[in-house]
Each structure stands twice: as C-alpha cells, then as structure tokens.
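Residue numbering for the sequence shown follows the numbering used here, starting at 1 and increasing by one per position.
Virtual Cβ for every residue (Gly too), placed ideally from N, Cα, C.
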Amino acid sequence: MTKAMQQKALEALKNIPVFSSVHEEQLLNILKNFASVETFKKEETIFSPDSGFKIYGVLLKGEARVLKDYVTVSILKEGQGFGLAALYREEKGFVNTIESKTACKVLCIQKEGIDQLLIENPNFSFSYISYLSGRIYYLNEKIEAYTAPSAEEKLLNFLESIRPKNGIITDASIAELTRQVNVSRASLYRALDALQKREVLRYEHKQIIFL
Numbered sequence: 001m002t003k004a005m006q007q008k009a010l011e012a013l014k015n016i017p018v019f020s021s022v023h024e025e026q027l028l029n030i031l032k033n034f035a036s037v038e039t040f041k042k043e044e045t046i047f048s049p050d051s052g053f054k055i056y057g058v059l060l061k062g063e064a065r066v067l068k069d070y071v072t073v074s075i076l077k078e079g080q081g082f083g084l085a086a087l088y089r090e091e092k093g094f095v096n097t098i099e100s101k102t103a104c105k106v107l108c109i110q111k112e113g114i115d116q117l118l119i120e121n122p123n124f125s126f127s128y129i130s131y132l133s134g135r136i137y138y139l140n141e142k143i144e145a146y147t148a149p150s151a152e153e154k155l156l157n158f159l160e161s162i163r164p165k166n167g168i169i170t171d172a173s174i175a176e177l178t179r180q181v182n183v184s185r186a187s188l189y190r191a192l193d194a195l196q197k198r199e200v201l202r203y204e205h206k207q208i209i210f211l
C-alpha cells in the first residue's frame with residue numbers, strides 16, 4: 001500500500017463512526033499489519049458467500065452493489081464499509097455478494113486487525129456493540145416491511161429501511177422491488193401510484209426520490 005493510499009484509507013476509517021474512538025496511531029498499525037487495497041473492474045465480484053476468508057471492507061473509490069440472490073439490496077458509495085456485522089459468525093464468507101458497479105478500490109482489513117482493536121480499545125468495543133445493535137433494529141424494520149398489511153405500506157416500509165441520506169434510491173427497478181417487497185407487479189405499480197399521489201415520493205428512470 002502506497003503512502004498516499006494509506007492516507008486515503010486512514011481518512012476513510014476516521015469518517016466511519018465505529019472507528020471514531022480509535023487513535024490514529026492504532027489505525028495506522030492496523031493498516032500496516034492487517035490491511036491491503038485491492039482493485040476491481042466494473043461488474044466484478046468483490047466478495048461473496050463463497051469467499052473463504054473474513055475481512056472488513058471499505059470502498060475507497062467507485063460504487064458497488066450489495067446483492068442477495070441476484071437482487072440489488074443496496075448501493076455502496078465511496079467511504080462506506082461492509083462485512084462488519086458478519087465478521088464473527090461461524091461460517092466463512094459473506095452473507096451477501098458485493099459486486100463492483102464501477103471500477104473500485106477496496107480497503108480490506110483482516111479479521112485479526114479487528115480482533116486487536118477489540119482487545120486493546122474498550123471504546124471501539126462499545127462502538128462495535130452499538131453498531132451491531134443498530135443492525136438488529138434495521139433488520140427488524142425490514143421484517144416489518146415484509147409483514148405490513150398492504151402493498152403500499154410494505155413498499156413504503158421497505159423503501160424507508162434502505163433510504164439513503166440524500167433521499168434518492170438508485171437502481172430501483174420494478175423487477176427488483178417486486179422481489180424485495182414480495183408483491184405482484186400490478187400491486188407494486190398501484191402502490192407506487194398511490195405513494196406518488198400522496199406526494200411521498202416520485203419514481204422515474206429507476207430512481208425513487210423522496211419528496
């Protein structure tokens with residue numbers, strides 16, 4: 001890893017809340033001893049359930065898709081991380097597949113690096129627990145999205161659960177939404193139409209724009 005890339009990786013980690021309590025010296029040690037930067041071409045698998053190792057990844061450049069059974073669950077932007085919630089499950093590999101949407105550079109931190117932070121930094125341990133608690137709450141919201149009584153409510157609950165900070169969900173194809181919300185295409189179109197009439201959101205060019 002070059003010094004310039006190491007500095008970029010360091011700044012990326014500093015901007016991730018779970019690492020905010022870790023001193024720069026500790027982060028640099030992790031980057032030097034337990035991390036690497038990998039390059040991926042467009043539409044290349046970055047990690048998947050078949051990956052025979054465990055890492056925490058941070059997208060340093062480009063965008064990537066999080067796929068579940070070939071369906072896009074979310075889009076990762078530059079500076080976002082993945083794999084932290086599943087790092088300590090017994091099975092190797094990832095729960096979902098991470099695929100590059102564009103050419104990407106990914107910071108890969110070995111599990112042993114996270115082990116060291118958990119042992120040496122109690123504040124990091126608390127941040128990690130807080131992060132995992134947040135993931136549980138998020139998953140409960142997704143379960144509610146699937147069990148809501150109407151297609152309109154199911155769709156809105158699901159979209160709210162994946163809503164990014166800028167209020168724009170990209171790559172929201174009708175086929176993917178019907179799979180995620182588990183309703184027919186006709187029901188989905190009616191639900192979208194109802195939400196647009198309520199001026200909750202707008203759907204155009206495979207984008208969901210919250211109003």
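CA-to-CA, the gap between residue 205 and residue 97 works out to about 25 Å. In the three-state reduction of the DSSP assignment, residue 73 falls in the strand class. In the DSSP assignment, residue 39 forms a beta bridge with 105. For residue 134, the closest alpha carbon among the candidates 180, 198 and 161 is that of 161.
Taken atom to atom, the span from the alpha-carbon of residue 200 to that of residue 168 is near 12 Å.
Under the 10 Å beta carbon count, residue 180 is surrounded by 16 or more other beta carbons and is classified as buried. Per the coordinates, the alpha-carbon of residue 18 lies some 29 Å from the alpha-carbon of residue 172.
With a threshold of 16 other beta carbon atoms within 10 Å, residue 95 falls short and is exposed. Within the stretch 9 to 66, complete alpha helix (DSSP H) segments of at least 4 residues are found at 24 to 34, given in chain order. Residues of the same chain with their beta carbon placed closer than 8 Å to that of residue 197 are lacking, with the five preceding and five following residues left out of the count. Separation of the CB atoms of residue 30 and residue 109 is rounded to 6 Å, and the pair is thereby assigned contact status at 8 Å. Residue state for residue 185 is assigned as helix, using DSSP reduced to three classes. For residue 98, the enclosing beta strand (DSSP E) has its first and last residue at 97 to 100.
The beta-carbon distance between residue 60 and residue 78, rounded to whole angstroms, is 7 Å. This is short enough to meet the 8 Å contact definition.
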